[in-house]
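In the working numbering, the protein residues as written are 325 to 724.
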């Protein structure tokens with residue numbers, strides 16, 4: 325009897341142990357199953373958003389979209405709204421947990437292989453001035469590339485342009501689209517604070533709404549979102565993966581920046597240190613009178629290995645009084661420069677340049693169609709993601 329009781333006790337203990345192990349394994353398997361289902365729902369939502377982005381003629385947006393399969397194994401709520409320069413996809417998966425799962429993505433579109441230069445004006449020429457060089461092809465609807473012989477703006481013996489040309493039948497001329505109306509209302513006029521100054525080793529908050537923001541000293545942020553009327557970034561400040569919306573933006577000295585920066589009226593860059601993170605710099609611009617236009621971009625000094633500079637030129641046309649976008653001689657970029665307006669380009673670029681035309685002022689004289697001293701080299705191996713309000717291709721991707 326004693327032996328029987330001992331055996332029964334041992335068997336009972338083993339049974340409970342095995343039951344506990346099986347139960348724990350089933351619970352763990354269910355958690356992994358639930359996690360896989362959540363990830364599948366997230367990926368499905370992102371795939372659907374990419375599908376809509378790639379198949380809509382204009383940028384696709386939705387405040388709220390719900391989806392559930394018949395079996396209920398995939399379900400999500402999704403919103404796709406404008407968030408500064410880029411749009412933002414927010415996916416909320418209503419899983420069986422109390423809080424659910426939420427993820428946010430800033431998508432864009434991948435720039436397709438293009439010639440080194442594409443000018444969008446119906447009739448425009450390129451006259452090389454000084455040491456200007458073009459390698460990698462030129463796209464002109466109607467026009468030619470020549471070496472300037474004007475006595476005030478002559479080309480030197482170092483000027484060069486290769487012979488590859490793309491004419492008016494080049495497919496991308498008809499597929500390029502600018503949609504500045506998407507960002508027209510993102511610039512706010514009411515702020516939570518009047519002035520915010522960050523100095524020394526201050527850390528910026530994750531969300532900041534302030535009329536005047538000064539970031540200097542060794543202050544920094546990582547992934548912060550700034551809404552301002554005026555933003556000044558200077559000294560050794562660091563804005564990493566920032567998302568900025570401001571009427572005016574000025575960044576200079578030894579500051580380090582990356583992320584998306586959208587200005588409405590003016591964007592001035594004079595940065596001494598090389599910038600290595602993904603950087604998007606954009607100016608909206610706006611018409612303020614019958615012939616007056618407010619929109620000023622001056623990139624004086626910038627060395628960056630992954631940069632995209634964009635001028636949206638909202639309601640702009642070449643008859644308006646406006647200062648062309650200036651890319652100075654101390655600019656050396658790897659990436660893309662995209663402008664719906666005219667451009668004074670004097671720096672170095674490895675990648676792609678798309679603009680309305682080349683133009684600059686010398687004293688009171690406007691030199692239209694002249695490219696001075698710039699060195700532009702096409703590079704089809706560069707991977708560039710632009711916001712979908714600037715469309716060349718239709719292949720969607722996550723920007724940040």
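A virtual CB, placed ideally from N, CA and C, is assigned to each residue, including glycine.
Sub-8 Å separation of residue i and residue j beta-carbons
| i | j | result |
| --- | --- | --- |
| residue 650 | residue 628 | no |
| residue 660 | residue 676 | yes |
| residue 727 | residue 662 | Only positions 325 to 724 of the chain appear in the structure, and residue 727 is not among them; the question remains open. |
| residue 715 | residue 547 | no |
| residue 454 | residue 439 | no |
| residue 467 | residue 721 | no |
| residue 636 | residue 601 | no |
| residue 538 | residue 563 | no |
| residue 695 | residue 682 | yes |
| residue 561 | residue 543 | yes |
| residue 599 | residue 582 | yes |
| residue 590 | residue 617 | no |
| residue 671 | residue 652 | yes |
| residue 486 | residue 450 | no |
Beta-ladder partner(s) of residue i, from DSSP
| i | result |
| --- | --- |
| residue 533 | 551 |
| residue 718 | Beta-bridge pairing links residue 718 to no other residue. |
| residue 457 | 484, 699 |
| residue 501 | 715 |
| residue 619 | DSSP, once it has assigned bridges, lists no residue as partnering residue 619. |
| residue 404 | 386, 413 |
| residue 572 | 554, 590 |
| residue 634 | 606, 662 |
| residue 669 | 651 |
| residue 681 | Looking at the DSSP assignment, residue 681 forms no beta bridge with any residue, so it has no partner. |
| residue 428 | 414 |
| residue 708 | Beta-bridge pairing links residue 708 to no other residue. |
| residue 379 | Its beta-bridge partners do not exist; DSSP assigns none. |
| residue 567 | 549, 584 |
Close Cβ partners of residue i (< 7 Å) along its chain, the five nearest in sequence each way excluded
| i | result |
| --- | --- |
| residue 471 | 452, 479, 483 |
| residue 718 | 378, 433 |
| residue 492 | 465, 466 |
| residue 512 | 551 |
| residue 421 | In this predicted model, residue 421 has a pLDDT of only 46, less than 50, meaning its place in the structure is not dependable; the value taken from the coordinates is given anyway. Answer for residue 421: no residue qualifies. |
Own chain residues within Cβ distance below 8 Å of residue i, not counting five before or after
| i | result |
| --- | --- |
| residue 535 | 515, 517, 518, 519, 552, 553, 554 |
| residue 615 | 643, 644, 645 |
| residue 437 | 704 |
| residue 473 | 479 |
| residue 354 | Because residue 354 carries a pLDDT of 42, less than 50, the predicted location of this residue cannot be relied on, and the following value inherits that uncertainty. Same-chain partners within the cutoff: there are none. |
| residue 352 | For residue 352, the predicted model reports a pLDDT of 47, less than 50, meaning its position is unreliable; a value from the coordinates is still stated below. Nothing meets the Cβ criterion. |
| residue 647 | 620, 685 |
| residue 490 | 439, 442, 461, 462, 463, 464 |
| residue 612 | 618 |
| residue 347 | For residue 347, the predicted model reports a pLDDT of 48, less than 50, meaning its position is unreliable; a value from the coordinates is still stated below. Excluding sequence neighbours, residue 347 sits near nothing in its chain. |
Same chain only: Cβ atoms within 6 Å of residue i, ignoring 5 sequence neighbours per side
| i | result |
| --- | --- |
| residue 430 | 410, 412, 723, 724 |
| residue 524 | 541 |
| residue 568 | 550, 585 |
| residue 521 | 538 |
| residue 444 | 680 |
| residue 678 | 442, 662 |
| residue 358 | The predicted model places residue 358 with a pLDDT of 49, which falls under 50 and marks its position as unreliable; any figure quoted below should be read in that light. Nothing listed; no residue qualifies. |
| residue 374 | 720 |
| residue 360 | For residue 360, the predicted structure reports a pLDDT of 48, less than 50, and the residue's modelled location is therefore unreliable. A value from the coordinates is still provided. Cβ within range, chain order: n/a, list empty. |
| residue 392 | 399 |
8 Å contact criterion, which residue i and residue j should meet: CB distance rounded
| i | j | result |
| --- | --- | --- |
| residue 592 | residue 578 | Their Cβ separation, rounded to whole angstroms, is 16 Å, which puts residue 592 and residue 578 out of contact at 8 Å. |
| residue 587 | residue 607 | 5 Å |
| residue 488 | residue 700 | No, residue 488 and residue 700 are not in contact; Cβ-Cβ is about 13 Å, not under 8 Å. |
| residue 710 | residue 370 | The pair is not a contact, with the Cβ atoms about 18 Å apart (cut-off 8 Å). |
| residue 508 | residue 387 | Contact doesn't hold; Cβ gap of about 18 Å is too wide. |
| residue 385 | residue 368 | Incorrect: roughly 19 Å between the Cβ atoms, too far for contact. |
Inset, instruction - Check whether the stretch 691-708 touches the stretch 408-418, counting contact only when three or more Cβ pairs, one atom from each stretch, lie closer than 8 Å. - result: Taking a contact to require three or more Cβ pairs closer than 8 Å, the stretch 691-708 and the stretch 408-418 do not qualify as touching.
Inset, instruction - Please determine if the stretch 618-628 and the stretch 595-602 are in contact, where contact requires at least 3 C-beta pairs separated by less than 8 Å. - result: As far as the Cβ criterion goes, the stretch 618-628 touches the stretch 595-602, which means the pair count is three or higher.
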